[in-house]
Amino acid sequence: MRTALVVVLSLVGLFFSLTGAIGVLRMPDVYSRIQCTSKVITMGAIPALLAVAVSKGLLSQYGVHALIVAFLLLVLNPAASHALGRAAYKTGIRQWSGAVADEPRERGRS
Amino acid sequence: MRRAVVGWVFAVATAGVLGVAVVDLPREGAALPHIARQAMTVALPDWRTTEPVSEVVYGTRTFDTFGETFLLLAAVVSVLLLARHRERRHDYFGEEEAGQEEQRYQNPGDEPVGPTERTARAADTREDDDAAANAGEASAGRPETPDAEPVGTAAPEAAQGMTVVVRVAIRWVLPVLAVAGGYLVVQGYSPGGGFPAGVVLVGVVLLVYAGFGYRRIARLVRPGPLEVLELIGALLVIVVLALGLALKGSFGANWLPLAPEQTFRSGGTMQAFSVAELIEVGTGLTIVIFSFLAIRHDWTPANPDAADSTQPGGDGEDSR
């Protein structure tokens, strides 16, 4: 039962890491690529860390270390993506020509 | 087409290497490599520690770690020499500021100042939060956080800190990171020891710097106390290791009574060495990083019209 859960969590992590890697290669502009990389952490690394915690026991030394790392990633990764996106926008990096919305600019106009 | 082929070749090759590595992983119960067996046989009887990695770093390979520590000290001294701290000693300040002092000395302001030059100088003053932080005054025109500013403006960030999203995330993470750094060094049986713990604590300082701006940590990060602390750390390393030579006949030998394993004091002089290493690495890396940050680049655009439409300028005079 526990092994099955570990396998499922690892597979979920692997799957999202793979889609994130493909996304970084295929997406047309910085902003969509940032979205893909943040997915690699949230849905790729955190399930893998949970798998470690489940297989070694939640309160074992390994489990607690993995959970601490998972918490740090869960909090810092969206903030880092936000800061990257904002910095990109602030330095005037253009969106993909096919993008359908540019909310900050629209709000700035109105 | 060619890119796709190269990509596939690399992907398949990486998959092959990873597959071989996974297949060759030592199974549970496999024989340990020689160095690990050596560490296991030495760690518990000689040092009363259950952490063989710390034993290797601060026990078996003491002299190696000793050399690394002083290599780091040499690197810190070199960076300090290159980052021109000769002129002023009370804070980290930029190349430009140093240049301005020299300029004032060489040419005390008798050349005419055009509007472009005025704009550029105003931008310099706005960027210069270091001086304001040390003088204890609010820097002119630089908000503390960018939250009041609309996102849609494509311009250099004027605020000293980062947005509320980043600041809240940092507030959540800081206590965890600080405790994790302390944990690495405090317990005689926790993995890592002083070196990684020092790096984690530097990470804490850097997060505060990035999220809240230099002003928030200017009081903590000052060359005077930091350099003294770093030298105290280096001195502690020498004292701990040399006392081994004086009392036990070999450099780095344990001369402290050994506490029972899996307690805070287990590990004898390993723990003392680790704490000295924490001081040395934490302060040394902070000095290096803030010295490099002081040699910063001026991000004000060469064309002032694009950056700030309220300022006069753009008369074609190239002042920068």
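Protein chains in written order, with the working numbering: chain A, 1 to 110; chain B, 1 to 320. Glycine included, each C-beta is placed from N, C-alpha and C at the ideal position. Please read these numbers as outputs of a predicted model, since none were measured by experiment.
Near the ligand MN: residue i beta-carbon under 6 Å from a heavy atom
{"i": "B/E277", "result": "Inclusion of the ligand MN in the displayed structure is not the case, the ligand content being empty and no account of it being possible."}
Beta carbon proximity, residue i to chain B, threshold 7 Å
{"i": "A/L76", "result": "yes"}
{"i": "A/A51", "result": "no"}
{"i": "A/A83", "result": "yes"}
{"i": "A/F15", "result": "no"}
{"i": "A/L9", "result": "no"}
CB contact check: residue i to chain A, cutoff 7 Å
{"i": "B/E51", "result": "no"}
{"i": "B/M40", "result": "no"}
{"i": "B/E28", "result": "no"}
{"i": "B/E157", "result": "yes"}
{"i": "B/M162", "result": "yes"}
{"i": "B/E137", "result": "Any reading at B/E137 must be qualified, since the residue scores a pLDDT of 47, below 50, and its modelled position is unreliable; the value itself is stated next. No, its Cβ sits nowhere closer than 7 Å to a Cβ of chain A."}
{"i": "B/G16", "result": "no"}
{"i": "B/A140", "result": "No answer about B/A140 holds up, because its pLDDT of 47 lies below 50 and its placement is not dependable."}
{"i": "B/G313", "result": "The pLDDT assigned to B/G313 is 39, lower than 50, so where the model puts this residue is not dependable; a value taken from the coordinates is nonetheless given after this. False, the Cβ-Cβ gap to chain A never drops below 7 Å."}
C-alpha distance - residue i paired with residue j, whole-angstrom precision
{"i": "A/C36", "j": "B/R48", "result": "48 Å"}
{"i": "A/S10", "j": "B/L231", "result": "47 Å"}
{"i": "B/M270", "j": "B/V228", "result": "23 Å"}
{"i": "A/G98", "j": "A/M27", "result": "12 Å"}
{"i": "B/L285", "j": "B/S266", "result": "28 Å"}
{"i": "B/A259", "j": "B/P33", "result": "28 Å"}
{"i": "B/Y214", "j": "B/L71", "result": "28 Å"}
{"i": "B/V294", "j": "B/A276", "result": "The question names Val, but residue 294 of chain B in the sequence shown is Ala. Cα to Cα, B/A294 sits roughly 27 Å from B/A276."}
{"i": "A/F71", "j": "A/L25", "result": "28 Å"}
{"i": "B/A234", "j": "B/L73", "result": "8 Å"}
{"i": "B/R118", "j": "A/R105", "result": "30 Å"}
{"i": "B/E144", "j": "B/A210", "result": "12 Å"}
{"i": "B/S274", "j": "B/G193", "result": "5 Å"}
{"i": "B/L174", "j": "B/V166", "result": "12 Å"}
{"i": "A/F85", "j": "A/I34", "result": "According to the sequence provided, residue 85 of chain A is Gly. The question's Phe does not apply to it. Taking the straight line from one Cα to the other gives about 7 Å."}
{"i": "B/W255", "j": "B/F195", "result": "22 Å"}
{"i": "B/I217", "j": "B/G182", "result": "20 Å"}
{"i": "B/L81", "j": "B/A120", "result": "29 Å"}
{"i": "B/A31", "j": "A/Y62", "result": "22 Å"}
{"i": "A/A88", "j": "A/E103", "result": "15 Å"}
{"i": "A/L49", "j": "A/L14", "result": "12 Å"}
Residue i: contacting residues in chain B (beta-carbon distance under 8 Å)
{"i": "A/A70", "result": "Near A/A70 there are no residues of chain B at all, since even the closest Cβ is about 11 Å away, more than 8 Å."}
Residues that residue i contacts on chain B, provided the C-beta gap is smaller than 7 Å
{"i": "A/A88", "result": "Result: empty, since nearest Cβ-Cβ is about 10 Å, beyond 7 Å."}
{"i": "A/A79", "result": "V165, V166, A169"}
Contacts of residue i in chain A (Cβ-Cβ under 9 Å)
{"i": "B/V173", "result": "F71, L72, V75, L76, A79"}
Beta-carbon neighbours of residue i, restricted to chain A and to distances below 7 Å
{"i": "B/V176", "result": "I68, F71, L72"}
Interface partners of residue i on chain A, CB under 8 Å
{"i": "B/A180", "result": "I68"}
Below-7 Å beta-carbon distance, residue i vs any chain D residue
{"i": "A/A53", "result": "No chain D is present in this structure, whose protein chains are A and B."}
For this session: Kindly confirm or deny that the stretch 30-50 of chain A and the stretch 79-86 of chain A touch, where touching means at least three C-beta pairs closer than 8 Å.
Result: yes
For this session: Report yes or no: do the stretch 52-65 of chain A and the stretch 16-33 of chain A share at least 3 C-beta pairs separated by less than 8 Å?
Result: no
For this session: Please specify which runs of the beta strand (DSSP E), each continuous and at least 3 residues long, are wholly inside the stretch 26-57 of chain B, giving them in chain order.
Result: none
Problem set entry | the stretch 233-252 of chain B in contact with the stretch 203-214 of chain B per 3-pair CB rule at 8 Å | no
Exercise. With contact counted as at least three CB pairs below 8 Å, one residue from each stretch, are the stretch 51-60 of chain B and the stretch 33-42 of chain B in contact?
Worked result: yes
Problem set entry | At least 3 beta-carbon pairs within less than 8 Å: the stretch 156-164 of chain B vs the stretch 18-26 of chain B | The stretch 156-164 of chain B makes no contact with the stretch 18-26 of chain B: fewer than 3 CB pairs, one atom from each, lie closer than 8 Å.
Exercise. Which ranges does the alpha helix (DSSP H) cover as unbroken runs of at least 4 residues, wholly within the stretch 210-262 of chain B, from first to last along the chain?
Worked result: Fully contained in the stretch 210-262 of chain B are the following alpha helix (DSSP H) runs of length 4 or more, in chain order: 214-217, 223-248.
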